[in-house]
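Chemist: Take this structure first; my questions come after.
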Amino acid sequence: MDPVGFAYLGGGLSIGLGALGTGIGMGILVGKTVEGMARQPEVSGLLRTTMILGIAFVEALALYALVISFLLIFK
Amino acid sequence: MEDIHLMEHLQPHILYPLKIAGIDLSISNAVVMIWIASALVFITLVLAGRMGRLVPKGLQNVMESMVSYLKQTFVTEILGEENAGWFPFVATLFFFILYCNLLGLIPKMFTATSNINVTASLAIVVFLCTQAVGIYKHGLFGYLKRFAPKGIHPAILVIMVPIEIISQFAKPFALAIRLFANMTAGHLVILVFIGMIIMFKNVLIAPFPLAMAVAMMAFEIFVSLIQAFIFSILATMYIAEASHAEH
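Here it is as structure tokens:
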């Protein structure tokens, strides 16, 4: 068994699984925001700002996975 | 197929080696980009501020709309009037990061914020400001007391206090990694698409990666703005949280 191959495998799995959860989370986040905007269009500006802030938090999780996969692949 | 070293494009090149008292202070292209970004922040904001036209036009219009939006979001919604003095600091952070991010999109330039050292130093400055404002507002003991709120069972405090202290250090860490990873990932995706053209060496395939690279470039402009905004709004929230009274 080649340990370098496992590093590549781990790098691929890291970003893949990380993006899986983040994608689901981001979908729920944006969907709920659109729901709120449709119900109360007058607060859509506030909702948009909050959504973008929330997206940045969720997106950061995928980026942590990306950093880990970089570390595993570009050694 | 020759190897394409993608990560090489994200490493800073040393232009002028410099070592003072054993500390490596070499002038790399990241340092030069920081100088250019600082100079641009200074020049554009001072010029826009000096214009003073009643009906803003051109540069003054751009800067005024940005600053007034930041002021509305940061001061009115988060900081409140008593902490309005922190607005220049967070607005400067926003403009500096924005200029660093945008300069990296110009070919032959380097993104200073795609280097972990730059983002980490910015995050450390934010961390120090957060601690300083907490100590200044509540006194050293008043600030330390916030880590152990009243009316909580001592058995829970044993777990809570370390978590609170760790979370103080985790905040700037997350701040630095978020900006660094976003900028690195965005530029790497553009590089991968351009690398595809070199890999395939086929005129028929080349337009598709090119179109994707252009689309990603446009998306990166948006990401540059958002990330600069996120970094500064989080810095604002940490400062506001540290200064507010015990809850």
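Protein sequences appear in the order of chains A and B. In this text, residue positions in the first sequence follow numbering that gives the first Met the number 0: the first is 0, and each later residue adds one. In this text, residue positions in the second sequence follow numbering that gives the first Met the number 0: the first is 0, and each later residue adds one. C-beta: ideal position from N, C-alpha, C; glycine also. A quick note: this is a predicted structure, and the numbers were derived from the prediction, not measured.
1) Give, in chain order, every residue of the stretch 32-55 of chain A whose Cβ lies closer than 9 Å to some Cβ of chain E.
2) Going by DSSP in three states, B:S25 sits in which element: helix, strand or coil?
3) With 16 as the cutoff for other CB atoms within 10 Å, does B:P11 come out buried or exposed?
4) Quick one: what's B:I13 bridged to in DSSP?
5) Have a look at the DSSP bridge pairing and note the partners of B:K18.
6) I'd like to know whether the C-beta of B:A184 is nearer than 8 Å to at least one C-beta of chain A.
7) Counting contacts by CB-CB distance shorter than 8 Å, is A:V29 in contact with chain B?
8) Could you give the residue range of the alpha helix (DSSP H) that holds A:G17?
9) Answer yes if the stretch 61-72 of chain A comes into contact with the stretch 16-31 of chain A, meaning at least three C-beta pairs across the two stretches below 8 Å, and no otherwise.
10) Taking 8 Å as the CB-CB cut-off, is B:I238 touching chain A?
11) Throw me the rounded Cβ distance for the B:I165 and B:L102 pair, which I believe falls under 8 Å.
12) Given a cut-off of 8 Å on the beta-carbon distance, is the pair A:L67 and A:S13 in contact?
13) Do you know how far the Cα of A:F5 is from the Cα of B:V191?
14) Using a 10 Å radius around the Cβ and a threshold of 16 neighbouring Cβ atoms, would you call B:L97 buried or exposed?
15) If we define contact as Cβ-Cβ less than 8 Å, is B:A173 a contact residue for chain A?
16) Among B:A175, B:N60 and B:L53, whose alpha-carbon lies nearest the alpha-carbon of B:L44?
17) Kindly provide the ranges of any alpha helix (DSSP H) runs that are 4 or more residues long and lie completely inside the stretch 147-227 of chain B, ordered along the chain.
18) Count Cβ pairs between the stretch 130-137 of chain B and the stretch 235-244 of chain B that sit closer than 8 Å; are there 3 or more?
19) Comparing the C-beta of A:V57 with each C-beta of chain B, is any distance below 8 Å?
20) How about B:F140 and B:V160: do their beta carbons lie closer than 8 Å?
21) Mapping the DSSP letters down to three states, classify B:K56 as helix, strand or coil.
Modeler: This is what the structure gives:
1) Of the protein chains in the structure, A and B, none is chain E.
2) Your numbering for residue 25 of chain B matches position 26 in the second sequence. Of the three classes helix, strand and coil, the one that applies to B:S25 here is coil, per DSSP.
3) Translated into the one-based positions of the second sequence, residue 11 of chain B becomes position 12. Flag for B:P11 reads buried.
4) For this step, residue 13 of chain B is matched to residue 14 along the second sequence. The partner list for B:I13 (beta bridge, DSSP) reads B:S27.
5) Taking the second sequence and counting its residues from 1, the one referred to as residue 18 of chain B is at position 19. B:K18 is bridged to B:D23.
6) One-based indexing of the second sequence puts residue 184 of chain B at position 185. Yes, contact with chain A.
7) To locate residue 29 of chain A, count along the first sequence from 1; it is residue 30. False, the Cβ-Cβ gap to chain B never drops below 8 Å.
8) Residue mapping note: residue 17 of chain A aligns to position 18 of the first sequence, counting from 1. Looking at the DSSP string, the run of the alpha helix (DSSP H) that includes A:G17 is P2 to R38.
9) Touching, per the Cβ criterion.
10) If you number the second sequence from 1, residue 238 of chain B lands on position 239. For B:I238, the answer is no, since every Cβ of chain A falls outside 8 Å of its Cβ.
11) Residue mapping note: residue 165 of chain B aligns to position 166 of the second sequence, counting from 1. Residue mapping note: residue 102 of chain B aligns to position 103 of the second sequence, counting from 1. Their Cβ separation, rounded to whole angstroms, is 35 Å, which puts B:I165 and B:L102 out of contact at 8 Å.
12) Indexing the first sequence from 1 puts residue 67 of chain A at position 68. Indexing the first sequence from 1 puts residue 13 of chain A at position 14. For the sequence presented, residue 67 of chain A should be read as Ile rather than Leu. Taking 8 Å as the Cβ cut-off, A:I67 and A:S13 qualify as a contacting pair.
13) Here residue 191 of chain B refers to the residue found at position 192 when the second sequence is read from its first residue. Here residue 5 of chain A refers to the residue found at position 6 when the first sequence is read from its first residue. The alpha-carbon atoms of B:V191 and A:F5 are separated by roughly 23 Å.
14) Here residue 97 of chain B corresponds to residue number 98 of the second sequence, with the count starting at 1. It counts as buried.
15) What you label residue 173 of chain B is simply residue 174 of the second sequence in a count that begins at 1. Interface residue, yes.
16) Position 45 of the second sequence, counted from the start, is the residue given in the question as residue 44 of chain B. That would be B:N60, whose Cα lies nearest to the Cα of B:L44.
17) 153-199
18) yes
19) Position 58 of the first sequence holds residue 57 of chain A. With its beta carbon at least 8 Å from every one in chain B, A:V57 lies outside the interface.
20) Locating residue 140 of chain B in the second sequence gives position 141, where the first residue counts as 1. Locating residue 160 of chain B in the second sequence gives position 161, where the first residue counts as 1. Not in contact: B:F140 and B:V160 (Cβ atoms no closer than 8 Å).
21) Residue numbering aside, residue 56 of chain B sits at position 57 when the second sequence is read from its first letter. In the structure shown, B:K56 sits in coil (DSSP, three-state: anything other than H, G, I, E or B).
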